[in-house]
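**Q** Take this structure, written in structure tokens, and hold onto it; I'll ask about it next.
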Amino acid sequence: MDTNLIILILLAIVIVGYLTMINVIYYLSPTVPRDVFPKKRFGRNNCTRVAENPNRGEGMKPLITSSSIEEVQENAKNIIINMPRTEIVAEKNGFMHFVQITPLFRFYDDIFVKLFTENGKTNIWLQSQSRLGLHDLMVNEKRVKHIYSKLKELT
Numbered sequence: 001m002d003t004n005l006i007i008l009i010l011l012a013i014v015i016v017g018y019l020t021m022i023n024v025i026y027y028l029s030p031t032v033p034r035d036v037f038p039k040k041r042f043g044r045n046n047c048t049r050v051a052e053n054p055n056r057g058e059g060m061k062p063l064i065t066s067s068s069i070e071e072v073q074e075n076a077k078n079i080i081i082n083m084p085r086t087e088i089v090a091e092k093n094g095f096m097h098f099v100q101i102t103p104l105f106r107f108y109d110d111i112f113v114k115l116f117t118e119n120g121k122t123n124i125w126l127q128s129q130s131r132l133g134l135h136d137l138m139v140n141e142k143r144v145k146h147i148y149s150k151l152k153e154l155t
């Protein structure tokens, strides 16, 4: 058998396998718009939560600012929507749900933002979680740190 033919067959198998895999991931994790912040973390190793009942997020505590909910929501929305492969799924006053698709394997990850007023100050809660798998290779941690640091600069 010719070497070029073997290479073409292997390449075709890899391409078909990749396309099959990303379609399986897509159908196993459909996007369901949420309208409330999750009550608890999704998983210990595939979720970063800076809120009540925190998970990971080392050194991060919920942000508290004197800015209005509307102002913080607009800033948070601009920060997150400008991240690559990210779209907003649901939004209402004080809550946002985004989906970000990871490169290469195209896993769907959810990002939640909750804003509420307590003692005249706006509180900011963040959660990023993977929909599939047992571990996220710290992708959600990096994502929350990025959002957290950008919001901290603006508040």
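Quick note on numbering: our numbering labels position 4 of the sequence shown as 4, and the sequence is numbered without any gaps.
Beta carbons: idealized from backbone N, C-alpha and C, even for Gly.
1) Cα separation between Tyr27 and Ser66?
2) Say whether the segment 94-104 touches the segment 7-16, bearing in mind that this needs 3 or more beta-carbon pairs closer than 8 Å, one atom from each stretch.
3) Please check the pair Asn68 and Thr155, which I expect to be a contact at CB under 8 Å, by giving their CB distance rounded to whole angstroms.
4) Grab the span of the beta strand (DSSP E) containing Thr122 for me, first residue to last.
5) Find the nearest neighbour of Asn45 within the set Leu63, Arg56, Asn78 and Ile124, judged by alpha-carbon distance.
6) I'd like the list of long-range same chain contacts for Gly133, defined as Cβ closer than 8 Å, with 5 residues on each side in sequence excluded.
7) Going straight from the alpha carbon of Asp136 to that of Lys77, what length do you get?
8) Kindly indicate the opening and closing residues of the beta strand (DSSP E) around Thr117.
9) Return helix, strand or coil for Lys92, following the three-state DSSP convention.
10) Which of the three DSSP states, helix, strand or coil, is assigned to Thr48?
11) Taking C-beta to C-beta, are Met96 and Val72 nearer than 7 Å?
12) Assuming Tyr148 contacts Met21 under a Cβ cut-off of 8 Å, what Cβ separation, rounded to an integer in Å, is found between them?
13) Taking the alpha carbon of Lys139 as the reference point, which residue from Pro62, Asp110, Asn119 and Leu151 has its own alpha carbon closest?
14) According to DSSP, is His135 helix, strand or coil?
15) Select from Glu153, Leu126 and Ser130 the residue whose C-alpha is nearest the C-alpha of Pro62.
**A** From the atom records:
1) Near 42 Å, if we compare the C-alpha coordinates of Ser66 and Tyr27.
2) They do not touch, by the three-pair rule.
3) Note that residue 68 is Ser in the sequence shown, not Asn. Between Thr155 and Ser68 the Cβ distance is about 11 Å, and since that is not below 8 Å, they are no contact.
4) It spans Lys121 to Ser130 - the beta strand (DSSP E) in which Thr122 sits, taken as one unbroken run.
5) Ranked by Cα distance from Asn45, the options Leu63, Arg56, Asn78 and Ile124 are led by Arg56.
6) Around Gly133: Asn46 and Phe107.
7) Whole-angstrom Cα-Cα distance: 23 Å.
8) Taken as a continuous stretch (DSSP letters only), the beta strand (DSSP E) holding Thr117 covers Tyr108 to Glu118.
9) The three-state secondary structure of Lys92, taken from DSSP, is strand.
10) Strand.
11) Here Met96 is not near Val72, since their CB atoms are 7 Å or more apart.
12) Contact doesn't hold; Cβ gap of about 32 Å is too wide.
13) It is worth fixing the name first, because residue 139 is Val in this sequence and not Lys. Nearest C-alpha to Val139: Asp110.
14) Coil.
15) Nearest Cα to Pro62 within the set Glu153, Leu126 and Ser130: Leu126.
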